[in-house]
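The structure appears below as structure tokens.
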Amino acid sequence: MNKYSSSLLAGAVALAFSGAANAVVIEASAAGVMTTNVADATVIDFNDGTCGPASCSGQFSIVSGSTGQNAAPPGVVDNYLTVPNPDSNGTASVSLGMTSNYYGLYWGSIDTYNSISFLLNGLLVDSFTGTQIAAVIPGSADGNQSSDSTNRYINFFFGSELFNEVQLSSTNYAFESDNHAYARVPEPGTLALFSLGLAGLVYTRRRKSA
């Protein structure tokens, strides 16, 4: 069975959770942070109109500004990724070209109908809904386009687990994001957590045998 826990944690306690076997640590950076603080992470800023150095496929568009279907995350004045496009229900895949155990993204106007999944060679490693992510901040996944509780840089630390593809899905307009980042971090992300400076609320997910 899966066991979920979320609590207000000091840095040392959060690091202890990140060291647990098969744990995923999800951390929300402080309000106003728009990109990763993980050293040597590869960043996709979409400013050249592509997902380089990764590659994207599926239902997505790289846009700037706001329209009736998508809203630029607060502070973003250049290009960002919006999913889905052109349909109102779809998935975009980001193929990393390497195995990683860390992923971060500036997630704008978090909605209940947004979700993110991590895969290794086409097999699902784990997935999370907008509702689960909003709880980390903490906030409600109500799609507010300006609130700090629904627009935040989200960091995923997978410890010993690896992935090489990330899927962004939405069953309505839209899942907006920017400054995606990925890396292989040390055992199992402790140095990265130190460098980030925890915002406070950390969500841990551990697999346990029934």
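When you line the sequence shown up against mature numbering (1 follows the signal peptide of the UniProt record, and there is no 0), it's residues -23 to -1, 1 to 187, in that order. For glycine and all other residues, C-beta sits at the position ideal for the given N, C-alpha and C.
- It is roughly 5 Å from the alpha-carbon of Ile87 to the alpha-carbon of Ala118.
- Per DSSP, Gln144 is one residue of the beta strand (DSSP E) stretching across Phe140 to Ser147.
- Leu97 places its beta carbon 8 Å or farther from that of His157.
- Between the alpha carbons of Asn128 and Asn149 lies a distance of about 18 Å.
- In this structure, Gly35 sits near Ser70, with a CB-CB distance shorter than 8 Å.
- Around Asn66, the same chain offers Thr148 as residues with beta carbons nearer than 6 Å, after the five sequence neighbours per side are excluded.
- The C-alpha of Val2 is placed about 14 Å away from the C-alpha of Phe95.
- Within the stretch 10 to 78, the beta strand (DSSP E) runs of at least 3 residues that lie entirely inside it are, in chain order, 19 to 21, 32 to 35, 38 to 40, 57 to 60 and 67 to 77.
- Collapsing the DSSP output to three states places Ala(-1) in a strand.
- Contact between Asp55 and Ser41 holds, with the beta-carbon distance rounding to 6 Å and staying under 8 Å.
- Nearest neighbour of Ser154 by Cα position, chosen from Ala18, Cys28 and Glu4, turns out to be Cys28.
- The Cβ atoms of Asn91 and Gly116 do not sit closer than 8 Å to each other.
- Counting the other CB atoms within 10 Å of its CB gives Ser104 a total below 16, which places it among the exposed residues.
- Separation of Met75 and Ile131 (C-alpha to C-alpha, rounded to the nearest whole angstrom) is 20 Å.
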